[in-house]
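Numbering (the UniProt record's numbering), first residue to last: 17 to 352.
A quick write-up on the structure given underneath.
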Ligand code: SF4
């Protein structure tokens with residue numbers, strides 16, 4: 017399919033301020049020169065340890081926070097392409113209908129004093145999409161679309177389970193009929209059995225509504241299950257992107273290999289598969305020189321300390337930032 021979202025050299029630097037005068041003494045490079053693309057109808061999974069910048073990247077792509085530099089080219093429903101980072105507020109508001117966010121925590125992202133009906137209706141009213149009878153029937157349709165009973169529309173969020181609340185959050189996100197949805201740890205707060213239901217729902221809705229997803233998660237099992245392609249982040253940088261099968265079978269970056277080897281065997285009693293790697297994650301305020309992974313990388317050479325590895329293509333839909341990508345033969349995940 018065509019590319020719906022093309023992110024080029026995106027950066028988000030947060031200033032570090034010190035002392036009485038709050039002088040800027042440095043920057044936390046939360047997103048540091050990241051490039052990737054998402055095709056129409058595709059799920060792009062973004063994975064990495066906590067603090068690697070994946071949530072900040074998701075927010076920058078939505079322009080919920082302003083990126084420092086770079087471009088995010090988006091193709092709207094009429095086929096027009098525009099760089100989100102160059103739009104003024106009015107133009108951005110128009111495009112907001114097309115781009116939505118599903119949050120991690122269905123407990124805190126829904127207003128407890130609003131009925132489900134009003135929660136789902138709000139974006140329709142705010143965007144002037146529907147009112148009166150049309151509004152009510154659209155809300156009912158959305159509630160049923162996510163598998164909830166529309167007779168319970170006048171209840172409040174606390175009357176629903178975690179999984180049901182996440183369905184309400186999904187109905188709300190889909191109210192404006194978006195084309196592109198960022199799912200940020202959308203199933204991480206849920207029990208494993210409920211996770212599977214919500215993942216299946218998201219996949220069904222994707223097919224029905226031709227949605228494209230940016231799916232952010234620290235959970236490799238979830239990422240493998242839902243993604244067509246995967247991007248791996250480390251300390252604000254994208255280190256590898258590839259089709260899901262290629263990434264899991266034939267990783268080309270030593271950090272991806274390390275992540276895969278740390279992936280535990282799925283255990284239904286555990287809430288999620290946390291990634292545990294040896295050595296310390298680099299501090300994004302004081303990253304190492306050259307390749308940020310070099311202090312933990314078993315293959316590191318002199319050049320790795322001296323030079324930042326280029327982002328380059330190593331196969332169809334396969335990109336990697338490693339000096340030794342052509343020389344190394346890395347271990348994939350068993351049983352993938
Ligand atoms: Fe390891 Fe060097 Fe590749 Fe970085 S560039 S991942 S240190 S081999």
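Just so it is clear, CB atoms sit at the ideal spot from N, CA and C, and this is done for glycine as well.
For residue 328, the three-state secondary structure derived from DSSP is strand. DSSP places residue 216 within a helical segment (H, G or I) once states are collapsed to three. Between the stretch 28 to 42 and the stretch 211 to 218, the count of Cβ pairs shorter than 8 Å is below three; the stretches do not touch. The Cβ neighbour count for residue 334, taken over all protein chains shown within 10 Å, is at least 16; the residue is labelled buried. As DSSP reads the structure, residue 85 sits in a beta bridge with 27. Apart from sequence neighbours up to five positions away, the residues of its chain that approach residue 139 with a beta-carbon distance below 6 Å are 191, 192, ordered along the chain. When the beta-carbon positions are compared, residue 182 and residue 206 come within less than 8 Å of each other. Relative to the ligand SF4, the beta carbon of residue 267 is positioned no closer than 7 Å to any heavy atom. In the structure shown, residue 334 falls within a strand segment according to DSSP collapsed to helix, strand and coil.
When distances are taken from the beta-carbon of residue 317 to the heavy atoms of the ligand SF4, the shortest one is below 7 Å. DSSP places residue 148 inside the alpha helix (DSSP H), whose first and last residues are 148 to 161. At a cut-off of 7 Å, the beta-carbon of residue 139 does not count as near the ligand SF4: no heavy atom of the ligand is closer than that. Taking residue 142 as the centre and dropping the five residues before and after it, the same chain places no C-beta closer than 6 Å to its C-beta. For residue 116, the enclosing beta strand (DSSP E) has its first and last residue at 115 to 118. Minimum Cα-Cα distance from residue 311 among the listed residues 325, 296, 324, 302 corresponds to 296. Rounded to whole angstroms, the Cβ separation of residue 63 and residue 234 is 7 Å, and the two are in contact under 8 Å. The distance from the Cβ of residue 118 to that of residue 197 is about 6 Å, consistent with a contact at the 8 Å cut-off. Minimum Cα-Cα distance from residue 341 among the listed residues 349, 330, 109 corresponds to 330. Taken from the Cβ of residue 234, every heavy atom of the ligand SF4 lies 7 Å or farther away.
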